[in-house]
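Student: Protein chains in written order, with the UniProt record's numbering: chain A, 1 to 344; chain P, 1 to 344. Glycine residues also receive a C-beta, built at the ideal position from the N, C-alpha and C atoms. Remember, predicted model here, so these are calculated numbers, not experimental data. The structure under discussion is supplied below as structure tokens; questions concerning it will follow.
2 protein chains.
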Amino acid sequence: MPKPGTRLRLIDVAERAGVSLATASRSLAGREGVSEEVADRVRQVARELGYVANPYARTLAGGASSTVGLVVHQIDDPYFAEIASGVIEIAAEEGLLVQICHSGRDPDAELRQLRHLIAQRVGIILIAGSGYNDPRVEAEARAELSEFQSQGGRVAVIGRHALGVDAVLPDNEAGSRALAGHLLDLGHRHIAIAAGKEGLTTITDRIAGVSSALHQCGLSLDNIPIVHSDFTRGGGRMAAEQILSDHPETTAIIALNDAMAMGVLSTLRAHHIPVPEQMSVVGFDDVSVAADLAPSLTTIRLPMTDMGRMALSLALKPRSARPRRRPTGHLLVVRDSTGPAPSR
Amino acid sequence: MPKPGTRLRLIDVAERAGVSLATASRSLAGREGVSEEVADRVRQVARELGYVANPYARTLAGGASSTVGLVVHQIDDPYFAEIASGVIEIAAEEGLLVQICHSGRDPDAELRQLRHLIAQRVGIILIAGSGYNDPRVEAEARAELSEFQSQGGRVAVIGRHALGVDAVLPDNEAGSRALAGHLLDLGHRHIAIAAGKEGLTTITDRIAGVSSALHQCGLSLDNIPIVHSDFTRGGGRMAAEQILSDHPETTAIIALNDAMAMGVLSTLRAHHIPVPEQMSVVGFDDVSVAADLAPSLTTIRLPMTDMGRMALSLALKPRSARPRRRPTGHLLVVRDSTGPAPSR
DNA sequence: AGCGCTTACGAAAGCGCTTTCGTAGCCTAA
DNA sequence: TTAGGCTACGAAAGCGCTTTCGTAAGCGCT
Numbered sequence: 001m002p003k004p005g006t007r008l009r010l011i012d013v014a015e016r017a018g019v020s021l022a023t024a025s026r027s028l029a030g031r032e033g034v035s036e037e038v039a040d041r042v043r044q045v046a047r048e049l050g051y052v053a054n055p056y057a058r059t060l061a062g063g064a065s066s067t068v069g070l071v072v073h074q075i076d077d078p079y080f081a082e083i084a085s086g087v088i089e090i091a092a093e094e095g096l097l098v099q100i101c102h103s104g105r106d107p108d109a110e111l112r113q114l115r116h117l118i119a120q121r122v123g124i125i126l127i128a129g130s131g132y133n134d135p136r137v138e139a140e141a142r143a144e145l146s147e148f149q150s151q152g153g154r155v156a157v158i159g160r161h162a163l164g165v166d167a168v169l170p171d172n173e174a175g176s177r178a179l180a181g182h183l184l185d186l187g188h189r190h191i192a193i194a195a196g197k198e199g200l201t202t203i204t205d206r207i208a209g210v211s212s213a214l215h216q217c218g219l220s221l222d223n224i225p226i227v228h229s230d231f232t233r234g235g236g237r238m239a240a241e242q243i244l245s246d247h248p249e250t251t252a253i254i255a256l257n258d259a260m261a262m263g264v265l266s267t268l269r270a271h272h273i274p275v276p277e278q279m280s281v282v283g284f285d286d287v288s289v290a291a292d293l294a295p296s297l298t299t300i301r302l303p304m305t306d307m308g309r310m311a312l313s314l315a316l317k318p319r320s321a322r323p324r325r326r327p328t329g330h331l332l333v334v335r336d337s338t339g340p341a342p343s344r
Numbered sequence: 001m002p003k004p005g006t007r008l009r010l011i012d013v014a015e016r017a018g019v020s021l022a023t024a025s026r027s028l029a030g031r032e033g034v035s036e037e038v039a040d041r042v043r044q045v046a047r048e049l050g051y052v053a054n055p056y057a058r059t060l061a062g063g064a065s066s067t068v069g070l071v072v073h074q075i076d077d078p079y080f081a082e083i084a085s086g087v088i089e090i091a092a093e094e095g096l097l098v099q100i101c102h103s104g105r106d107p108d109a110e111l112r113q114l115r116h117l118i119a120q121r122v123g124i125i126l127i128a129g130s131g132y133n134d135p136r137v138e139a140e141a142r143a144e145l146s147e148f149q150s151q152g153g154r155v156a157v158i159g160r161h162a163l164g165v166d167a168v169l170p171d172n173e174a175g176s177r178a179l180a181g182h183l184l185d186l187g188h189r190h191i192a193i194a195a196g197k198e199g200l201t202t203i204t205d206r207i208a209g210v211s212s213a214l215h216q217c218g219l220s221l222d223n224i225p226i227v228h229s230d231f232t233r234g235g236g237r238m239a240a241e242q243i244l245s246d247h248p249e250t251t252a253i254i255a256l257n258d259a260m261a262m263g264v265l266s267t268l269r270a271h272h273i274p275v276p277e278q279m280s281v282v283g284f285d286d287v288s289v290a291a292d293l294a295p296s297l298t299t300i301r302l303p304m305t306d307m308g309r310m311a312l313s314l315a316l317k318p319r320s321a322r323p324r325r326r327p328t329g330h331l332l333v334v335r336d337s338t339g340p341a342p343s344r
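Next up, the structure:
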């Protein structure tokens, strides 16, 4: 920690500008009660001297904390990395700092991280990643957040709902409906779903979309296998293995995110099953590598970086009475991993 | 920002434990001058009450800042995301917070971020990513960092040197020597290099490794094309296009990182050039998706997550007189993207 | 018993800011 | 002219911690 007394302080600026500490503070904060002339002079001096306020002192004194806490499942998952990238971009513009912490897809860990961030007095909390189908955890998180908000904290969530706060929300159901619709249009009737860990709302929503598409064709979710493993490439591999061995009639696999889809593709390759000739595969998210895979992946594009940007912007706006929802667009991107169902 | 007076303060803990503020502080900080008995009681009370120190007050009062600033080129690049993941892991264990900022592979932006972090009074600075072949920038960064260190700040760099601070360093030269050696062993004599933006030390080092391998075979770097574009998939695509059109005799492409290799593979696919039958491709880093590509990528494995962990651990240790270097292992991982040079 | 020394603790002084409160100085109106 | 109300600013009080300094109590020693 830098030794005290060594950096430029506000009082130095004030002296140089020939005003009191209070006036200098007001000038830089843009508060009223200072004549334009004096305020300009102070700002000028501050700029010349390259003054940067000590955030610790500022926050301690009751100013707004200028750090935003971002909770992600795992930063080295491209989905979250892209969101983080958007958040960092806006934060840089606003002069805020971003603190990232991992929840590791564990509801309790997420809650811990949340509490830790609050205890650390961040000013803004952003939570990315699926919610949990666990009323206890959701209720606790909600209580924690509303307490935080009542003390002036700002919150927004990305890709999850039910927390009673502002949210940036993709339409998971519509997305996977489009995905399933695409496969059905191609004639696939033996579709399997490679899903992540049970208990994530994202998964529930995405499965609901598939169900809805099936119903439109007079089919039902009951007849299609859903393999739950993990929202990672490894999880995709495991799910694919299971689908191949338990449901050999399958001609299309819906992976509920791109990471799993990549695992599925890798397993199919290992089994020498040509994609899309013998098996179609779709993902969800359109992480940037999806286009560079072989075969390139048919998926739903979510604007992750934008979602990150939107979430922070949303949190920065004055709070409204009711939680706001910003829907994100989504787009079916058809690439080379899907094709007509093979004829028998 | 949470309203003051509302959270648990150290004085509350002190009162509950029946000691003074000073004693409570000393107890929790593990300083001496407190009897074991009293210290234990204070710690016990703090734990029961769930006390978390206000980091702003703590830092302002001259305690160590408990936030680590991590500068990366781009967080949604898997190489950096994996490093960040390791840093976040250790930080979580140590109760530190990680602030991430982007330098965008721009030396001046990096310098700005550095200054910003210092101005923000972080306690530890970690810089990941290549250095720059730009004496001015390097000198300024070095000066800034040494000033920071002289005021008690801790610093470590990851994957770059020449900054006069502790470093976690892969052996870029040996790695690419192994890579080139592998291709030479396979009989390739028309090798091209897809490199990132000129001016990065990482690139210089990796090219030097190739050069050294070539020399051992009586060949020289002079005869092989080096295309500079960008350390991204897009950059890989551009480089590949140029290599294909300007150097059709090429049978192997060394991409200087995995992202570029992925771009190269994607371009080769677009040109219907079979890999590795007609063209071998190697990358560098072994980002986790490299194993799941089609074909899977021959590359040099760098333990990115470990590098992140090591860097933070290194910075946390008491400073030594001279900058320490922690070499990281590297491993040639031969996969499906390389094969014997095609016979004419 | 009296001295100095150590140990264990409390009182209080900041750290650099924001904000409240007080007060000159000025303007307006009677 | 004087009372009343602004406006523009300064003095000073914290924010919650760490750390320095002072001191009472306990110890061994002469």
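In the DSSP assignment, find the unbroken beta strand (DSSP E) run with A:L331 in it and report its ends.
Tutor: L331 to V333 is the extent of the beta strand (DSSP E) around A:L331.
Student: Note down the Cα distance separating P:P225 from P:I127, rounded to an integer number of angstroms.
Tutor: Near 31 angstroms, if we compare the C-alpha coordinates of P:I127 and P:P225.
Student: How would you label A:C101, buried or exposed, when you count the other beta carbons within 10 angstroms and need 16 or more for buried?
Tutor: Under this definition A:C101 is a buried residue.
Student: Using 10 angstroms around the beta-carbon of P:H272, count the other beta-carbons present and answer buried if the total reaches 16, otherwise exposed.
Tutor: Under this definition P:H272 is an exposed residue.
Student: Can you list, in chain order, the residues of its chain whose CB lies under 7 angstroms from that of A:S280, leaving out five sequence neighbours each side?
Tutor: Taken in chain order, the residues that qualify are L183, L186, H188, T251, A252, S337, T338 and G339.
Student: Hey, is A:E82's beta-carbon within less than 8 angstroms of any beta-carbon in chain P?
Tutor: Cβ-Cβ to chain P under 8 angstroms: yes for A:E82.
Student: Return the Cβ separation of P:G308 and P:S85 in integer angstroms, given the expectation that the two are a contact with Cβ distance under 8 angstroms.
Tutor: Between P:S85 and P:G308 the Cβ distance is about 6 angstroms, and since that is below 8 angstroms, they are a contact.
Student: Count the C-beta pairs between the region 63-79 of chain A and the region 116-124 of chain A that are closer than 8 angstroms, then say yes if the count reaches three, no if not.
Tutor: A contact exists between the region 63-79 of chain A and the region 116-124 of chain A.
Student: Can you find a C-beta in chain P that's less than 8 angstroms from the C-beta of A:V334?
Tutor: So, not an interface residue.
Student: Taking the alpha helix (DSSP H) that A:I118 belongs to, which residues open and close that run?
Tutor: Start and end: P107 to A119.
Student: Which residues, in chain order, does the region 114-141 of chain A contribute to contact with chain P at a C-beta distance below 7 angstroms?
Tutor: For the region 114-141 of chain A, which is checked against every Cβ of chain P, the residues closer than 7 angstroms are A119, Q120, R121 and G123.
Student: P:P2 by DSSP, collapsed to three states: which one?
Tutor: Since pLDDT at P:P2 reaches only 39, below the 50 mark, its modelled position is unreliable, and the value read off the structure follows with that caveat. Coil, per DSSP.
Student: Do P:D171 and P:P327 have their beta-carbon atoms positioned less than 8 angstroms apart in this structure?
Tutor: Taking 8 angstroms as the Cβ cut-off, P:P327 and P:D171 qualify as a contacting pair.
Student: Answer with yes or no whether the minimum CB distance from A:P4 to chain P is below 8 angstroms.
Tutor: Note on A:P4: pLDDT 39, under 50, position unreliable in the model; no value is reported.
Student: Does the beta carbon of A:H73 sit closer than 8 angstroms to a beta carbon anywhere in chain P?
Tutor: No, because no Cβ of chain P sits closer than 8 angstroms to the Cβ of A:H73.
Student: Can you confirm whether P:R26, when its beta carbon is compared against all beta carbons of chain A, has any partner nearer than 8 angstroms?
Tutor: It does not: the Cβ of P:R26 has no partner Cβ on chain A nearer than 8 angstroms.
Student: What is the residue span of the beta strand (DSSP E) that residue 349 of chain P lies within?
Tutor: This structure leaves residue 349 of chain P out entirely; chain P is present only between 1 and 344.
Student: Which residue or residues does DSSP assign as beta-bridge partners of A:H228?
Tutor: DSSP output for A:H228 lists A:A195 as bridge partner(s).
Student: Give me the Cα-Cα distance between A:A22 and A:G30, rounded to the nearest whole angstrom.
Tutor: Looking at the two C-alpha atoms, the distance is approximately 12 angstroms.
Student: Output needed in chain order: residues of the region 210-241 of chain A with a Cβ under 8 angstroms from some Cβ in chain P.
Tutor: Correct list: R233.
Student: Once you ignore the five residues that flank A:A156 on each side, which residues in its own chain have a CB closer than 6 angstroms to its CB?
Tutor: For A:A156, where only same-chain residues beyond five positions count, the Cβ hits under 6 angstroms are L126, D166, A311, L314 and A315.
Student: For the alpha helix (DSSP H) that contains A:A252, what are its first and last residues?
Tutor: From DSSP, A:A252 is part of no alpha helix (DSSP H) but of the beta strand (DSSP E) over A252 to A255.
Student: How about P:R237 and P:S296: do their beta carbons lie closer than 8 angstroms?
Tutor: No, the pair does not count as a contact, with Cβ atoms beyond the cut-off.
Student: Exposed or buried, what is A:D77 when buried is set at 16 or more other beta-carbons lying within 10 Å of its beta-carbon?
Tutor: With 16 or more Cβ atoms within 10 Å of its Cβ, A:D77 is classed as buried.
Student: Could you please give the first and the last residue of the uninterrupted alpha helix (DSSP H) stretch that includes P:A167?
Tutor: P:A167 -> not in any alpha helix (DSSP H); beta strand (DSSP E) instead, spanning D166 to P170.
Student: Pull up the DSSP beta-bridge partners for A:I101, would you.
Tutor: According to the sequence shown, residue 101 of chain A is Cys rather than Ile. Paired residue(s): A:V71.
Student: Against P:S85, what residues of chain A qualify as contacts under a CB-to-CB distance less than 8 angstroms, listed in chain order?
Tutor: Correct list: Q74, I75, D76 and H102.
Student: Take the Cβ of P:E82 as the centre, count every other Cβ of all protein chains shown within 10 Å, and call the residue buried at 16 or more, exposed below.
Tutor: With 16 or more other Cβ atoms within 10 Å, it is buried.
Student: Quick check for students: name the residue ranges of the alpha helix (DSSP H) that lie wholly in the region 247-296 of chain A, counting only runs of 4 or more.
Tutor: Fully enclosed alpha helix (DSSP H) runs of 4 or longer: 258-270.
Student: Once you ignore the five residues that flank A:P2 on each side, which residues in its own chain have a CB closer than 7 angstroms to its CB?
Tutor: Reliability fails at A:P2, whose pLDDT of 39 lies under 50, so the model's placement of it is uncertain and the value that follows must be treated cautiously. Excluding sequence neighbours, A:P2 sits near nothing in its chain.
Student: Compare the C-beta of A:I273 with all C-beta atoms of chain P and state if any pair is closer than 8 angstroms.
Tutor: With 8 angstroms as the cut-off, A:I273 does not count as an interface residue toward chain P.
Student: Identify the continuous alpha helix (DSSP H) that holds A:V34 and give its terminal residues.
Tutor: Here A:V34 belongs to no alpha helix (DSSP H), and DSSP marks it neither H nor E.
Student: Establish whether the CB of P:M262 and some CB of chain A are separated by less than 8 angstroms.
Tutor: Chain A, which has a Cβ nearer than 8 angstroms to the Cβ of P:M262, makes this yes.
Student: Please report the distance separating the alpha-carbon of P:G329 from that of P:G209.
Tutor: Going from the Cα of P:G329 to the Cα of P:G209 covers about 16 angstroms.
Student: Near P:T305, what residues of its chain come up, given a Cβ to Cβ distance below 8 angstroms and the 5 sequence neighbours on each side ignored?
Tutor: Hits under 8 angstroms: E82, I83, S85, G86 and E89.
Student: Do you know how far the Cα of P:I207 is from the Cα of A:D230?
Tutor: Those two C-alpha atoms are separated by around 39 angstroms.
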